[in-house]
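For the sequence shown, the working numbering assigns the number -7 to the initial residue and increments by one for each residue that follows.
Glycine is no exception: its CB is placed at the ideal position from the N, C-alpha and C atoms.
Encoded as structure tokens, the structure appears first; notes follow it.
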Amino acid sequence: QENIDFTIFSGDYETDVIADLVAGNADFGICTSDSIISARLAGQDIVALASIFRQSPMVVMAFADSGIVHPQDLVGKTVGVISTEFDNTWDAQFLAMLKNADVDPDSINYVYLEEYVGANDLLSGRMDAASAMYTTNEPLQAGLDGYEMSQIYYIDYGINFYTELLCATGNFVRQNPDLVQRFVRTTFEGYQYAIENPAEAVEISLPYDENMDPELQALTMQEQIPLID
């Protein structure tokens, strides 16, 4: 309907979307809010065009029988983090949640997260809880694997960062204002269609990544709907 011919590239935790945009390898990308701020502080002209999620999907995850249901329950426990330097948006949000809940970060032990697959890191016995999890991903996979999980939502403690932002370079936006408007419009029309037709949306998405699990994607789609709409 918008007469746009485009190619979708699937990414992962190692994908540097900002670098691809700056290098001209991509015209649009899905960025985190902190990556855009960092890029602009570094003199890179990156622009946020739209927010996909209205609510943050970030949670701390633990086994349901662990007794960990509030941030205060993490005192004296070992928590998995992306970096013990806390130098990234996910760990920064975790620390902010602890602050809002009046929990001393020094009262908790920290180890690196190694696997972002279901409950694998928790099953290793290295940690009691895993931070920086997405309620749309790891807890769902853990449930499919037969484990009952508890989740502490960052948003319940006032931490609601934009996690999925449609972005582009400022130069591309200035040179292609009509295309950018049409792309943003068609993106939201696509999300609206997906919300109204979640099963079909899963079927449409599967060919873009051969590693997708249809059952997990169906659960993910349902979990995303209240965060988006």
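Reference residue i; option with closest CA among the options
i, options, result
"L105", "F1, D94, E130", "E130"
"V39", "M53, D19, D57", "D19"
"L211", "R118, G117, V103, I187", "I187"
"F241", "E(-6), P49, Y200", "A question about residue 241 goes unanswered here, because the residues of the chain that appear run from -7 up to 221."
"D65", "G16, R32, I144", "I144"
"H62", "F45, Q173, L132, L90", "L90"
"I0", "L219, P190, F175, A191", "F175"
"L115", "N101, L132, Y102, Y139", "Y139"
"D221", "P206, F45, D12", "F45"
"L219", "E107, D170, S43", "S43"
"A134", "E107, P97, A160, D26", "E107"
"M119", "L132, T128, V109, Y102", "Y102"
"G68", "T81, A160, D98, D79", "D98"
"G16", "N203, T161, M204, Y200", "T161"
"V165", "G21, E192, P206, E6", "G21"
"V109", "F(-2), D12, Q(-7), N203", "N203"
"P190", "I217, Q173, D170, V14", "I217"
"P199", "S2, E(-6), R177", "S2"
"S4", "E207, P206, D201", "Note on residue identity: the sequence assigns Asp, not Ser, to residue 4. When only C-alpha atoms are compared, the closest one is D201."
"V95", "L171, G35, Y149", "Y149"
"F(-2)", "L171, P206, V14", "L171"
First and last residue of the uninterrupted alpha helix (DSSP H) at residue i
i, result
"F175", "169 to 188"
"Q214", "206 to 220"
"L136", "130 to 136"
"S85", "This sequence places Gln at residue 85; Ser is not what is there. That run of the alpha helix (DSSP H) goes 81 to 92."
"L198", "Neither: L198 is in no alpha helix (DSSP H) and is coded neither H nor E."
"D57", "No alpha helix (DSSP H) holds D57; DSSP gives it neither H nor E."
"N112", "112 to 115"
Supposed contact pair residue j and residue i - C-beta distance, whole angstroms, cut 8 Å
i, j, result
"I28", "L157", "7 Å"
"D37", "N163", "6 Å"
"Q47", "I147", "6 Å"
"D137", "A111", "7 Å"
"A88", "I(-4)", "Going by Cβ atoms, the distance from A88 to I(-4) rounds to 38 Å, so no, they are not a contact pair."
"I10", "A31", "5 Å"
"D26", "T81", "4 Å"
"C159", "L41", "6 Å"
"Q209", "V194", "5 Å"
Residue i, enclosing beta strand (DSSP E) - first and last residue
i, result
"V103", "101 to 104"
"L158", "157 to 161"
"A121", "121 to 126"
"T70", "70 to 73"
"Y145", "141 to 145"
Flag this pair as touching only if the region 108 to 127 and the region 68 to 81 have three or more C-beta atom pairs under 8 Å; answer yes or no.
yes
Taking contact to mean 3 or more Cβ pairs, one atom from each stretch, closer than 8 Å, check whether the region 176 to 185 and the region 52 to 64 are in contact.
no
Inside the region -7 to 41 only - alpha helix (DSSP H) runs reaching at least 4 residues
9 to 15, 25 to 33
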